[in-house]
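First up is the structure itself, then whatever we jot down about it.
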Amino acid sequence: MANLPIVQFEKKIVETVDQNPVVVIIGETGSGKSTQLSQMLHRKGYTNSGIVSVTQPRRVAAVSVSRRVAQELGVRLGEEVGYAIRFEDRTSERTQIKYLTDGVLLRESLSNPELNQYSVIILDEAHERSLNTDILLGLMKRLVRRRASNLKVLITSATLDGEKVSKFFSDCPLLTVPGKLFPVEIFYSKERPISYLESSLKTAMEKLVSKLEDKVRSLEEGSCMDAIILPLHGSLPPEMQVRAFSPPPPNCRRFIVATNIAETSLTVDGVVYVIDSGYVKQRQYNPATGMYSLDVVQISKVQANQRAGRAGRTRPGKCYRLYPSRVYHDDFLDVTVPEIQRSSLAGSVLYLKSLDLPDIDILKFDFLDPPSTESLEDALKQLYLIDAIDENGSITSIGRTMAELPLEPSLSRTLIEANEYGCLSQALTVAAMLSAETNLLPGRSKNNEKKRKYPPLELPDGSGFGDHIQLLQIYECWDENDYDIGWCKDYDLQKRRQSYRNLRKALSIGFASQLAERMRHHNGFRTLGFKPQLVQVHPSSVLKPDDDGLYPNYVVYHELIATSRPYMRNVCAVERQWVIPILEKLDKLDVRKLSGGGLGHVEEITEGNKSDLLKKEAVIVTAPEEQESKIQAARERFLARKGKK
DNA sequence: GAGCACTGC
Numbered sequence: 001m002a003n004l005p006i007v008q009f010e011k012k013i014v015e016t017v018d019q020n021p022v023v024v025i026i027g028e029t030g031s032g033k034s035t036q037l038s039q040m041l042h043r044k045g046y047t048n049s050g051i052v053s054v055t056q057p058r059r060v061a062a063v064s065v066s067r068r069v070a071q072e073l074g075v076r077l078g079e080e081v082g083y084a085i086r087f088e089d090r091t092s093e094r095t096q097i098k099y100l101t102d103g104v105l106l107r108e109s110l111s112n113p114e115l116n117q118y119s120v121i122i123l124d125e126a127h128e129r130s131l132n133t134d135i136l137l138g139l140m141k142r143l144v145r146r147r148a149s150n151l152k153v154l155i156t157s158a159t160l161d162g163e164k165v166s167k168f169f170s171d172c173p174l175l176t177v178p179g180k181l182f183p184v185e186i187f188y189s190k191e192r193p194i195s196y197l198e199s200s201l202k203t204a205m206e207k208l209v210s211k212l213e214d215k216v217r218s219l220e221e222g223s224c225m226d227a228i229i230l231p232l233h234g235s236l237p238p239e240m241q242v243r244a245f246s247p248p249p250p251n252c253r254r255f256i257v258a259t260n261i262a263e264t265s266l267t268v269d270g271v272v273y274v275i276d277s278g279y280v281k282q283r284q285y286n287p288a289t290g291m292y293s294l295d296v297v298q299i300s301k302v303q304a305n306q307r308a309g310r311a312g313r314t315r316p317g318k319c320y321r322l323y324p325s326r327v328y329h330d331d332f333l334d335v336t337v338p339e340i341q342r343s344s345l346a347g348s349v350l351y352l353k354s355l356d357l358p359d360i361d362i363l364k365f366d367f368l369d370p371p372s373t374e375s376l377e378d379a380l381k382q383l384y385l386i387d388a389i390d391e392n393g394s395i396t397s398i399g400r401t402m403a404e405l406p407l408e409p410s411l412s413r414t415l416i417e418a419n420e421y422g423c424l425s426q427a428l429t430v431a432a433m434l435s436a437e438t439n440l441l442p443g444r445s446k447n448n449e450k451k452r453k454y455p456p457l458e459l460p461d462g463s464g465f466g467d468h469i470q471l472l473q474i475y476e477c478w479d480e481n482d483y484d485i486g487w488c489k490d491y492d493l494q495k496r497r498q499s500y501r502n503l504r505k506a507l508s509i510g511f512a513s514q515l516a517e518r519m520r521h522h523n524g525f526r527t528l529g530f531k532p533q534l535v536q537v538h539p540s541s542v543l544k545p546d547d548d549g550l551y552p553n554y555v556v557y558h559e560l561i562a563t564s565r566p567y568m569r570n571v572c573a574v575e576r577q578w579v580i581p582i583l584e585k586l587d588k589l590d591v592r593k594l595s596g597g598g599l600g601h602v603e604e605i606t607e608g609n610k611s612d613l614l615k616k617e618a619v620i621v622t623a624p625e626e627q628e629s630k631i632q633a634a635r636e637r638f639l640a641r642k643g644k645k
């Protein structure tokens with residue numbers, strides 16, 4: 001600890017914090033900022049008036065850093081020094097220094113908006129610009145004004161964006177603490193390679209791994225060290241991931257082929273050489289279409305430096321950049337496009353609405369990098385369609401309940417509705433199956449089928465209603481058979497009679513903003529919550545055309561993903577009469593009214609009559625003859641309005 | 001008839 005660079009700056013840091021409510025610290029890798037800042041402020045007495053807290057974007061970091069600090073202070077973890085992450089709170093009444101994920105701090109501020117238990121809040125790794133960190137930055141700016149006398153906020157960031165953060169906080173002081181990295185020599189290539197292995201990163205890694213193996217095998221005996229070639233990415237089973245971390249046998253070199261998981265999340269010790277492709281695969285959301293895509297994009301300078309830094313942790317290293325220095329300097333952005341500018345914001349906007357911040361217009365919330373108006377309006381529209389906010393933008397009681405649930409809004413809305421229909425347990429299963437990347441489903445690739453010794457097990461088929469129902473059936477099967485592999489034999493007969501009607505209705509309400517209508521003369525679907533666009537049921541779906549070759553008329557989908565074509569992933573058949581209220585809501589939607597708190601309109605639409613309204617919408621659909629014309633009328637009004645735009 | 005970066009409550 002004594003030889004950490006930051007220690008020499010203690011006096012300066014503490015003085016600056018004493019005199020200013022907000023301080024930005026530029027702490028380079030290896031500076032010791034994550035473990036030392038909290039201890040300095042503790043020594044200065046800041047833990048006498050409250051807890052000193054440090055946020056981290058990842059759970060593992062919160063746990064490992066707090067463990068380290070407890071060790072350095074010679075206390076038991078969970079007492080004076082503790083941490084809080086999802087599912088695990090290791091703090092006590094004696095806790096003075098607390099590490100937590102930024103998601104946990106956001107949750108805490110729901111029940112205690114002033115965060116009075118804290119005397120200091122340190123937002124660590126703010127340069128990573130996670131969605132939660134960005135929301136916290138905006139909230140901190142408000143909070144220091146309210147608690148100017150007794151709250152200190154520290155933000156740690158990278159060289160390239162420190163100025164900007166300081167500006168955001170009214171030109172607060174900015175301190176730089178050097179890191180402790182061994183020198184890394186940078187080599188640029190003259191030009192970019194013409195062909196990259198494959199657009200799919202995983203395929204590329206597999207090929208790269210086997211190419212490396214071939215190459216090593218073709219070398220003459222004794223012409224180089226022995227080599228172990230190891231892949232490292234998130235979808236690798238943990239025991240395979242561990243292999244990348246064990247030191248190689250003597251006279252043997254490790255080649256680790258990694259995704260950006262090795263950029264920040266994991267640190268492999270002993271890395272001396274880094275080869276940087278200059279690219280990253282990034283998920284993006286398009287608010288105009290509601291569509292996600294996974295694109296290969298250029299990295300930022302911060303990312304490039306982070307990658308290079310991985311080579312100099314234990315001794316001097318070298319970094320080979322597969323791009324010219326001109327590209328680095330002229331083409332790369334300084335910092336990564338913040339997540340807030342490439343995600344769906346429904347959840348975050350609902351969270352902000354639920355805080356009841358006085359006089360807040362979501363469209364004018366003070367973000368470090370504001371998301372586009374379009375993105376915010378998309379979020380508002382989605383929230384309105386699932387009854388989380390009313391037509392004046394006020395949060396509803398349903399919305400409040402939703403905000404408390406740690407789920408994406410469409411799923412939390414589904415759960416609330418399912419509870420009304422008495423199918424909560426089923427809905428919980430579906431929500432859990434959708435939230436976890438299901439591994440109960442066997443791979444369906446031709447490759448796997450060829451490799452399998454035995455014919456594939458008969459899996460439940462969703463009984464013609466689609467993927468959500470299949471997920472539920474699979475889980476039920478699994479559960480009923482004591483998680484036994486030989487389950488599912490006479491399963492189809494038992495379950496096919498169910499229509500899962502209540503559950504599907506709950507899903508139709510939760511996913512009202514993710515609704516699609518089949519085209520009249522073919523099996524393509526048109527999205528209804530966004531400007532009409534043609535999308536298809538993803539080929540991996542269990543929902544198949546019926547005996548007449550047709551899909552259901554209406555489906556809700558879990559997400560839109562643009563790959564080779566626009567697809568709906570995870571679709572559920574819904575009934576026409578459930579769609580009417582949604583179309584009617586879309587029809588009277590005025591997105592301009594949704595951004596404010598609806599002040600002045602609160603008396604007109606109370607929580608009480610809001611739920612009455614919902615009931616009425618459900619009653620409207622009971623007269624069968626009227627249904628057809630109502631659907632028609634609502635659809636035509638809706639489509640006409642869209643046509644005008 | 002597809003394609004699997006990474007986090008988090």
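Residue numbers (UniProt numbering): 1 to 645. Note that CB positions come from ideal geometry on N, CA and C, so glycine has one too. Model, not experiment: these values are computed from the prediction.
Under DSSP, the beta strand (DSSP E) around residue i begins and ends at which residues?
i, result
"S119", "Y118 to L123"
"F255", "C252 to A258"
"N132", "Counting along the chain, N132 falls outside any beta strand (DSSP E), though it belongs to the alpha helix (DSSP H) covering L131 to R146."
"A311", "Here A311 belongs to no beta strand (DSSP E), and DSSP marks it neither H nor E."
"K98", "I97 to T101"
Throw me the rounded Cβ distance for the residue i and residue j pair, which I believe falls under 8 Å.
i, j, result
"A418", "N502", "7 Å"
"L230", "R254", "6 Å"
"S66", "V81", "6 Å"
When DSSP labels each residue in this structure, what does residue i get in the three-state scheme?
i, result
"F87", "coil"
"G600", "A caution first: G600 carries a pLDDT of 33, below 50, which makes its placement in the model too unreliable to give a value."
"A618", "The predicted position of A618 is uncertain, since its pLDDT is 25 and thus under 50; no value can be drawn from it."
"N286", "strand"
"residue 649", "As shown, the chain starts at 1 and ends at 645. That puts residue 649 outside it, with no answer to give."
"I582", "helix"
"H521", "coil"
"L428", "helix"
"A403", "helix"
"H468", "helix"
"D546", "coil"
"P442", "At P442 the pLDDT is 49, less than 50, meaning the model places this residue with poor confidence; the figure from the coordinates comes in the next sentence. Coil, per DSSP."
"Y188", "strand"
"G462", "helix"
Taking the Cβ atom as the reference point for each residue, do residue i and residue j lie within a distance shorter than 8 Å?
i, j, result
"Q426", "S513", "no"
"T35", "R68", "yes"
"D276", "N251", "no"
"V591", "V574", "no"
"V23", "S38", "no"
"P409", "I386", "yes"
"I25", "L154", "yes"
"G30", "V177", "no"
"T55", "L105", "yes"
"A318", "F182", "Residue identity differs from the one stated: residue 318 is Lys in this sequence, not Ala. Contact flag unset, no."
"K152", "S111", "no"
"L528", "T414", "no"
"Y279", "A304", "no"
"F530", "R504", "no"
"A311", "A346", "no"
"I228", "P247", "no"
Pick from the options: whose alpha carbon is nearest that of residue i?
i, options, result
"G510", "P581, L550 and G464", "P581"
"V75", "I85, Q96 and P57", "Q96"
"R565", "V153, Y292, L594 and V14", "Y292"
"T289", "E517, R326 and L560", "L560"
"G596", "E377, K207 and L208", "E377"
"V297", "V337, V17, L100 and A61", "V337"
"E15", "P173, F169, R576 and T133", "P173"
"P370", "D134, V7 and L208", "D134"
"H522", "V542, F530, A388 and D546", "D546"
"N570", "L294, R520 and L471", "L471"
"L594", "Q284, D548, L350 and V537", "L350"
"S372", "L428, K164, I340 and S348", "I340"
Starting from residue i and walking both ways along the alpha helix (DSSP H), at which residues does that stretch end?
i, result
"Y384", "T373 to L385"
"C572", "Premise fails: C572 lies in the beta strand (DSSP E), P566 to V574, not in any alpha helix (DSSP H)."
"S508", "R501 to G510"
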